[in-house]
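**Q**
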Amino acid sequence: MEKLVEIRNLKKIFSIGSIFSRVKITAVDDVTFDLNFSQIFTLAGESGCGKTTIAKILLGFEEPTSGKVLYKGNDLTTMKHKERSKFMKDIQAVFQNPFSSFNPLRKVDNYFFETLRNFEIAKTQNEAIEIIKEKLLAVGISFEEFREKYPSEFSGGQLQRISIARSLLTNPSLLIADEPVSMVDASLRMSIVNLFKELRDKFGLSVLYITHDLTTAYYVSDKVAIMFRGNLIEFGPAEKVLLNPKHPYTKLLRESVPEADPKRKWTSRIKLSELEQEEYAKLGCKFAGRCPEVMDICRKNLPDYYEVDGVKVKCFLYR
Numbered sequence: 001m002e003k004l005v006e007i008r009n010l011k012k013i014f015s016i017g018s019i020f021s022r023v024k025i026t027a028v029d030d031v032t033f034d035l036n037f038s039q040i041f042t043l044a045g046e047s048g049c050g051k052t053t054i055a056k057i058l059l060g061f062e063e064p065t066s067g068k069v070l071y072k073g074n075d076l077t078t079m080k081h082k083e084r085s086k087f088m089k090d091i092q093a094v095f096q097n098p099f100s101s102f103n104p105l106r107k108v109d110n111y112f113f114e115t116l117r118n119f120e121i122a123k124t125q126n127e128a129i130e131i132i133k134e135k136l137l138a139v140g141i142s143f144e145e146f147r148e149k150y151p152s153e154f155s156g157g158q159l160q161r162i163s164i165a166r167s168l169l170t171n172p173s174l175l176i177a178d179e180p181v182s183m184v185d186a187s188l189r190m191s192i193v194n195l196f197k198e199l200r201d202k203f204g205l206s207v208l209y210i211t212h213d214l215t216t217a218y219y220v221s222d223k224v225a226i227m228f229r230g231n232l233i234e235f236g237p238a239e240k241v242l243l244n245p246k247h248p249y250t251k252l253l254r255e256s257v258p259e260a261d262p263k264r265k266w267t268s269r270i271k272l273s274e275l276e277q278e279e280y281a282k283l284g285c286k287f288a289g290r291c292p293e294v295m296d297i298c299r300k301n302l303p304d305y306y307e308v309d310g311v312k313v314k315c316f317l318y319r
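Take 1 as the starting number for the sequence shown in UniProt numbering and just add one per residue.
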């Protein structure tokens, strides 16, 4: 299958703390994976594991410490600003809070006309309206209910759909969706993840879906990668990873999915405790301190990837 994005040995190191007590955190640690054309690839894991940092590097919001990001064969990490701006038309994003994406004092349709004007997509007002109608129709919103309205006049679910429609204006090949349903009512979440599947099938759109929600990850994904403390610790076909997890951490995530208690799910950014700083700094497996199946070698050495039933697992249990 043809590759749209190739991430190779990607690393991002942040320095946190005061000037006298700096701590270096490797937020993304030697990450490698491919995202193919017309594919939904999910990065899953608890908040603070490095998922969003990868998205920010892809979008050009962060510079990697080392490694490469190839997009259609072009290295985004070495591109100059002018060169990269051409690719930004092809890579669009949808974020967690739709209300933060729009100025509450500005009508939503202004953003659509501005995007078409900035990218020189439409030559006339009528042509712009037709394009906007087409993209809104793709997400189930009519032009009449959308035009001349402010963000506050829409529900969260409607505004998230409008955010997706806006991202489609440039006919992108890749949509980066960072926690796109976490602030949407539970009754609307499946309709939005269904929309990603429809856009993949209808337009050949690829989606990098970032989430802590394993239920939607299982439902929408072609492939899933589980992250922990900057490492990809298990990745492969969604059904194999989530129905029959191999890594002890993935098993823990699977067991922690609440069946009837929404209070148990991750809802906030995790602050780095002493334990977490210690886990990030470990030379061996980052999960060794909490793993029920830990071995001596786990505390000293970082495991390689081992392939088990079509799934790659970063764990010495599968040597």
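Every residue gets a Cβ at the ideal spot worked out from N, C-alpha and C, and that includes glycine. Since we're looking at a predicted model, the values are computed, not measured.
In whole angstroms, what separates the C-alpha of I40 from that of P180?
**A** Approximately 14 angstroms, taken between the alpha carbons.
**Q** Give, in chain order, every unbroken run of the alpha helix (DSSP H) that is at least 4 residues long and sits entirely within the stretch 188-270.
**A** 214-220, 238-243, 248-256, all fully within the stretch 188-270.
**Q** Could you name the residues of the same chain whose beta carbon sits closer than 6 angstroms to that of G230, not counting the 5 residues immediately before and after it, in chain order?
**A** Closer than 6 angstroms at Cβ, skipping near neighbours: T26, A27, V28, D29, G50.
**Q** Give, in chain order, every unbroken run of the beta strand (DSSP E) that is at least 3 residues long and sits entirely within the stretch 123-194.
**A** As far as the stretch 123-194 is concerned, its whole beta strand (DSSP E) runs of at least 3 residues are 174-178.
**Q** In terms of DSSP beta bridges, what is L76 paired with?
**A** According to DSSP, L76 bridges with nothing at all.
**Q** Is D90 helix, strand or coil by DSSP?
**A** Three-state result, D90: coil.
**Q** Considering just the uninterrupted stretch of the beta strand (DSSP E) at Y71, what are its terminal residues?
**A** 66-71 is the span of the beta strand (DSSP E), which, as asked, contains Y71.
**Q** Under a Cβ-count criterion, where at least 16 other Cβ atoms within 10 Å of its own Cβ denotes burial, should I297 be classed as buried or exposed?
**A** Per the 10 Å Cβ criterion, exposed.
**Q** Under 8 angstroms by Cβ, that's how I've got Q96 and M190 pegged, so tell me the actual separation to the nearest angstrom.
**A** Not quite, the Cβ-Cβ distance comes to about 17 angstroms (not below 8 angstroms), so this is no contact.
**Q** Just how far apart, CA to CA, sit K197 and V220?
**A** C-alpha separation (whole angstroms): 7 angstroms.
**Q** In terms of residue numbering, what span does the beta strand (DSSP E) encompassing E44 cover?
**A** Reading off the sequence shown, one finds Ala at residue 44, where the question assumed Glu. Here the beta strand (DSSP E) through A44 covers 40-44.
**Q** Considering only residues of the same chain and omitting the five flanking positions on each side of G236, which have a CB-CB separation below 7 angstroms?
**A** Excluding positions up to five away in sequence, the list reads K223, G310, V311, K312.
**Q** Do you know offhand how far V157's Cα is from E114's?
**A** Here residue 157 turns out to be Gly, not Val, going by the sequence shown. The straight-line gap from Cα to Cα measures roughly 23 angstroms.
**Q** What is the rounded straight-line gap between the Cα of I131 and the Cα of A122?
**A** C-alpha separation (whole angstroms): 8 angstroms.
**Q** Tell me N97's beta-bridge partners as DSSP assigns them.
**A** Answer is none; N97 lacks a bridge partner.
**Q** Answer yes or no: do E62 and T53 have a C-beta to C-beta separation smaller than 8 angstroms?
**A** Contact: yes.
**Q** Return the chain-ordered list of same chain residues with a C-beta closer than 6 angstroms to the C-beta of R22, the five sequence neighbours on each side being excluded.
**A** Cβ neighbours of R22 beyond the five flanking positions: S15.
**Q** Determine, using beta carbons only, whether P151 and D90 come nearer to each other than 8 angstroms.
**A** Contact: no.
**Q** Cβ-heavy atom distance between P303 and the ligand NAD below 7 angstroms?
**A** Inclusion of the ligand NAD in the displayed structure is not the case, the ligand content being empty and no account of it being possible.
**Q** Answer with buried or exposed for D213, where buried requires no fewer than 16 other C-beta atoms within 10 angstroms of its C-beta.
**A** D213 should be labelled buried.
**Q** Can you look up E114 in the DSSP assignment and give me helix, strand or coil?
**A** E114 falls in the helix class under three-state DSSP.
**Q** Measuring CB atoms only, is the stretch 5-13 touching the stretch 56-72, in the sense that at least three cross pairs come out at less than 8 angstroms?
**A** Judged by Cβ distances under 8 angstroms, the stretch 5-13 makes contact with the stretch 56-72, as three or more pairs qualify.
**Q** Would you report the Cα separation of L175 and T42, rounded to the nearest angstrom?
**A** Straight-line Cα distance between these residues: approximately 12 angstroms.
**Q** Is G140 buried or exposed, if buried means 16 or more other CB atoms sit within 10 Å of its CB?
**A** Its Cβ having fewer than 16 others within 10 Å, G140 is exposed.
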